[in-house]
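In my numbering, the protein residues as written are 2 to 312.
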Amino acid sequence: MKVTIVGAGAVGASCAEYIAIKDFASEVVIIDIKENYAEGKAMDLMQTASLNGFDTLISGSTNDYSKTANSDIAVITSGIPRKPGMTREELIGINAGIVKSVTQSVLEHSPNVIFIVVSNPMDTMTYLTHKALGIPKNRIIGMGGALDSARFKYRLAEALGCPASDVDGMVIGGHSDTGMIPLTRLAVRNSVPVSKFLSEDTINEVAEATKVGGATLTKMLGTSAWYAPGAAVSSMVQAIACDHKKMFPCSALLEGEYGLDDISIGVPCIIGKNGIESIVELDLTEAEKEKLQNSAEAVRNTNGLLEETVS
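In structure tokens, the structure reads:
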């Protein structure tokens, strides 16, 4: 199992670290445009191998995509991160050209690779990857929902005063501060609806805190978060590598599911050795359906900017 990570920044390096520590991949290649940056990150991580007890070989490369040849999975984190006050959508002008170029370079050397797209605006970058590469849709996955759902569960556990392992919840819709849809109706604490423990006002506060989870951290850190995004990606990589058939909400290209077509947006998917094994259609309420339609409209508006930025 060979995994390529494009982008040696904080998210890419964090992802590489988590993959190595879980010790399911034989090789991880980190690639970056900055001279010796990926090589340095790889060397630093390899010096933890004896301390953390992993055998995964991690190497780095400066823009040499031949080193990524025959990768099974490629994680795309390249592009600029958010700064305080920026929306994910504002990154499109720079990141679209980068994502198109790097995904084409990866595919040239790894024709059977499965892509996990992390770069923002994530749903639009996932859609762009579909349009630029023309490979089967199961092999292109957008990461956002897995991260958003982890943040939702963190906020639920915080409100409940219980361990995160005690709660379950899911976020669908676009990976944006306004497009996320925390499915509070389905959130549970050990199979018991959280509404048994929390007031409606508190549940709404949890949902709103979830939606601005990324912006909150960007304001605190001065840049995008990296630990939780890296962990979310590594969990998806592991599900593919180990054929776990695990359900993640992630950005998938829809062709009629949820009444949506020709759009990549967050919905629950079964993830296994083929990438997206299937899309799970939930029985949403009318209010939830309306929120998903509104979220999709916002994603389409962002997608419309692609023609202006990528020829």
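Virtual Cβ for every residue (Gly too), placed ideally from N, Cα, C. All of these numbers come straight from a predicted model, not from anything done at the bench.
Per-residue burial, residue 179 [other beta carbons within 10 Å of its own, 16 or more giving buried]: With fewer than 16 other Cβ atoms within 10 Å, it is exposed.
Do residue 26 and residue 3 count as a contact pair if the criterion is CB distance below 9 Å? In this structure, residue 26 lies closer than 9 Å to residue 3 by Cβ.
Pairing CB atoms from the region 38 to 58 with CB atoms from the region 256 to 269, are three or more of them under 8 Å? These segments do not touch.
Helix, strand or coil at residue 284 [DSSP, three-state]: Residue state, collapsed to three classes: coil.
Would you grab the beta carbon distance between residue 157 and residue 107 for me? Rounded to a whole angstrom, and I think it's under 8 Å. For a cut-off of 8 Å, the C-beta gap from residue 157 to residue 107 is around 36 Å, too long to register as a contact.
Going by Cα to Cα distance, which pick from 291, 130 and 189 is closest to residue 140? The option with the nearest alpha carbon to residue 140 is 130.
Just to confirm my understanding: we take residue 171, look at its own chain, exclude 5 residues before and 5 after, and list those with CB closer than 7 Å. What are they? Sequence-distant partners of residue 171 (beyond 5 residues in either direction) whose C-beta falls short of 7 Å from its own C-beta, in its chain, are 150, 184, 187, 250 and 269.
Residue 230, enclosing beta strand (DSSP E) - first and last residue: The continuous stretches of beta strand (DSSP E) do not include residue 230, which lies in the alpha helix (DSSP H) extending over residues 228 to 242.
Quick test of the definition: if touching needs 3 or more C-beta pairs under 8 Å, does the region 3 to 22 touch the region 226 to 239? Yes, the region 3 to 22 touches the region 226 to 239.
Length-filtered (3 minimum) beta strand (DSSP E) runs lying within the region 47 to 132: Every beta strand (DSSP E) stretch that sits fully inside the region 47 to 132 and reaches 3 residues is listed by chain position as 58 to 63, 74 to 77 and 115 to 118.
Apply the 10 Å Cβ neighbour rule to residue 14 and answer buried if 16 or more other Cβ atoms are within range, or exposed otherwise. Buried, since its Cβ has 16 or more Cβ neighbours within 10 Å.
Between the region 160 to 177 and the region 119 to 137, do at least 3 Cβ pairs fall closer than 8 Å? By the Cβ rule, the region 160 to 177 counts as touching the region 119 to 137, because three or more pairs are nearer than 8 Å.
Shortest alpha-carbon distance to residue 291 belongs to which of 181, 102 and 113? That would be 181, whose Cα lies nearest to the Cα of residue 291.
Count the other CB atoms within 10 Å of the CB of residue 52; is the residue buried (16 or more) or exposed (fewer)? The C-beta of residue 52 has fewer than 16 other C-beta atoms within 10 Å across all chains shown, which makes the residue exposed.
What distance in whole Å lies between the Cβ atoms of residue 193 and residue 119, which are believed to be in contact at a cut-off of 8 Å? About 34 Å separates the beta carbon of residue 119 from that of residue 193, a gap too long to meet the 8 Å contact definition.
Skipping 5 residues on each side, what residues in its chain have a beta carbon closer than 8 Å to that of residue 68? Apart from the 5 residues on each side of it in sequence, residue 68 sits with its Cβ closer than 8 Å to the Cβ of 30, 32, 60 and 62 in its chain, given in chain order.
Helix, strand or coil at residue 180 according to DSSP, with G and I counted as helix: In the structure shown, residue 180 sits in coil (DSSP, three-state: anything other than H, G, I, E or B).
Assuming residue 271 and residue 248 are in contact, meaning their beta carbons sit under 8 Å apart, how far apart are those beta carbons, in whole angstroms? Residue 271 to residue 248, Cβ: 6 Å. Contact.
Residue 163 to residue 229, Cα distance in whole Å? Going by the C-alpha atoms only, they are around 19 Å apart.
Limits of the unbroken beta strand (DSSP E) element including residue 16: Per DSSP, residue 16 lies in no beta strand (DSSP E); the unbroken alpha helix (DSSP H) holding it starts and ends at 11 to 23.
Per DSSP, residue 3 forms a beta bridge with which residues? Under DSSP, residue 3 shares a beta bridge with 28.
Here's a check: name, in chain order, each residue in its chain whose Cβ is nearer than 7 Å to the Cβ of residue 275, leaving out the five neighbours to either side. In the same chain as residue 275, and ignoring 5 residues on each side of it, the C-beta atoms closer than 7 Å to its own belong to 139, in chain order.
What are the start and end residues of the beta strand (DSSP E) that includes residue 150? Here residue 150 belongs to no beta strand (DSSP E); instead the alpha helix (DSSP H) covers 145 to 161.
For residue 242 and residue 133, what's the separation of their Cα atoms in angstroms? In a straight line, the C-alpha of residue 242 is about 25 Å away from that of residue 133.
What is the residue span of the alpha helix (DSSP H) that residue 247 lies within? Careful: residue 247 lies outside any alpha helix (DSSP H), inside the beta strand (DSSP E) at 247 to 256.
Do you know how far the Cα of residue 136 is from the Cα of residue 75? Rounded to whole angstroms, residue 75 and residue 136 show a C-alpha spacing of 14 Å.
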